[in-house]
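Written below as structure tokens is the structure these notes are about.
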Amino acid sequence: MKTSAALLAVVALTLTGCDPAPAGEPVVRTQLDGSDPVEEVAVAAEEVEPTPTATPDANSPCRPATFEGVSLTHCIADPATHRIRASLAPSSGDKFGTIEGWASGRNESDIAFVMNGGMYGDDLKAIGYFVQDENRLVELNRADGSGNFFLKPNGVFFGSNGRWRILETDTFLRTVGTRPKFGTQSGPMLVINGDLHPEISDDGPSKAIRNGVGIARDGKAHFVISNAPLSFGQLARFFRDELETPNALFLDGNISSLWDKASGRMDSRRVGPLIVVENK
């Protein structure tokens, strides 16, 4: 298995060698808590260092947290006071592929926070289901493959009119007949109906800056991004045990980014799909 993985890594590097991906652009996602280091994300060294935490602001929906010794930032979107929509980071320009590039020239007055919202390909576009302003840009991806996105079950974070949900991909396909106002597919699921994803180990060797989203029983969406590398198991347990979200979805790792306008935090890692939380 190690030899095969190494060969795959060599092939991947050969294919991308003629046109190197910009620093921070995902090439191959690591296997879920796998011990094989060749399946990592190609990122600049400075982008995997711990994220400096911004000074908390009383008006911010984001707050510092610590879980099992790891610094986190926890942001809450409340359907009573927030709207959620999906967007895409710009694919061109001086600050392409960044939240800062997306924010340039926009009216920031209604923005609560913005976080990266799912995995993407070399073109910075979503590799799974993606709905922006009720327009389906990418269809549901049920293919098999390697890497985190394809570790089944994966899932969809979506919503309309203040009702936000996370469902496994197959359940979404069977039960959701109306196109939502926003939607983004990622993987794997972290928490499924109160249980951890069956493939997640307690504290595997793969550590990275990671983020995810979970929906609580009261309908609020909890967004979590680590400020230092942590394992899938730690992130999943934080959603299950601390936030008590019955369902939670992994969004991405190493490129995970947050713009918290109130505290002044603006991460600069390369991103693609975005989740935009606005004040009503």
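Letter by letter, the sequence shown follows residues -6 to 273 in my numbering.
Beta carbons are placed, not taken as given, at the ideal position from N, Cα and C, and that holds for glycine.
- In terms of Cβ geometry, residue 122 and residue 176 form a close pair [threshold 9 Å].
- With a cutoff of 9 Å on beta-carbon distance, residue 248 and residue 108 are scored as not near each other.
- For residue 271, DSSP records a beta bridge to 76, 104.
- Excluding its 5 nearest sequence neighbours in each direction, residue 59 has C-beta neighbours in its own chain below 8 Å: 65, listed in chain order.
- Residues of the same chain with a CB within less than 7 Å of the CB of residue 129, apart from the 5 flanking positions on each side, are 172 in chain order.
- Of the other Cβ atoms in all chains shown, fewer than 16 fall within 10 Å of the Cβ of residue 198; this residue is therefore exposed.
- Excluding the 5 residues flanking it on each side, residue 97 has same chain C-beta neighbours closer than 7 Å at 88, in chain order.
- Contact between residue 166 and residue 229 is absent: CB atoms are separated by about 23 Å, not below the 8 Å threshold.
- For residue 161, the uninterrupted beta strand (DSSP E) segment begins and ends at 156 to 161.
- C-alpha of residue 158 to C-alpha of residue 136: approximately 22 Å in a straight line.
- Assignment of residue 175 by DSSP, reduced to helix, strand and coil, places it in the strand class.
- Your pair residue 152 and residue 69 does not check out as a contact, with CB atoms roughly 15 Å apart and the cut at 8 Å.
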